[in-house]
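Asker:
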Amino acid sequence: MAREHGWTYVERDTPAIQGWPRTALPPGPLGRVRDEVTGSYRGRAFRFFDYIHRDSARAPWRTLSVCAVRIPVEVPYLYVRGPGDTGHDLYAESPEADFAVELLSDDVRDDIRENGFTDLVLDRDLLICTAAGGGPQDIEPRLDALTRLISHVPADVWAHWGR
56 MAREHGWTYV ERDTPAIQGW PRTALPPGPL GRVRDEVTGS YRGRAFRFFD YIHRDSARAP
116 WRTLSVCAVR IPVEVPYLYV RGPGDTGHDL YAESPEADFA VELLSDDVRD DIRENGFTDL
176 VLDRDLLICT AAGGGPQDIE PRLDALTRLI SHVPADVWAH WGR
């Protein structure tokens, strides 16, 4: 599939996650990156891979799909927890509370709810979402949902908060 879209496939690329925020990945020892696909989708660079990890040295290995899409500018860190089964409220955590308020416009909140996202992380110039964080599971529907969400962030938010 990667080749037909002009994307790149790499079987193993653990250095790809060095420096990532730990909140974007499960707790425990740093895992491994497998079956990484990188490329551009709707004009946005992305990385999609399986993260192989375990909670402790004796725990079984687990696989978690991870998707990261480049956003227009570097921004303050932001963690967003979607409503899941609890209703329509979103929870956001950032060292810049005003950034969270401005970014989570009505359209962005609607995208999060409609796609079933339950965990999103914005860190520097990436929007990161794992399969455990809800949303579409397959690569193209997930990229559709994430790029649409990014496009719904008002341009003045990117301009004001970009570093």
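Heads up, the sequence shown is in our numbering, so the first residue is 56 and it goes up one at a time. All residues carry an ideal CB built from backbone N, CA and C; glycine is no exception.
1. Are the CB atoms of residue 92 and residue 69 within a distance shorter than 8 Å?
2. How would you write the range of the alpha helix (DSSP H) that residue 194 sits in, first residue to last?
3. Bridge partners of residue 120, per DSSP?
4. When you compare each of 189, 127, 108 to residue 210 by their alpha carbons, which one comes out closest?
5. Tell me which residues share the same chain as residue 78 and place their Cβ nearer than 7 Å to its Cβ, disregarding the 5 neighbours each side in the sequence.
6. Quick check on DSSP: helix, strand or coil for residue 189?
7. Is it the case that the Cβ atoms of residue 124 and residue 202 are separated by a distance below 8 Å?
Answerer: For this structure:
1. No, the pair does not count as a contact, with Cβ atoms beyond the cut-off.
2. Residues 194-206.
3. Residue 120 is bridged by DSSP to 105.
4. Minimum Cα distance to residue 210 is reached at 127.
5. Taken in chain order, the residues that qualify are 134, 176.
6. Strand at residue 189.
7. The criterion of a C-beta distance shorter than 8 Å is satisfied by residue 124 and residue 202.
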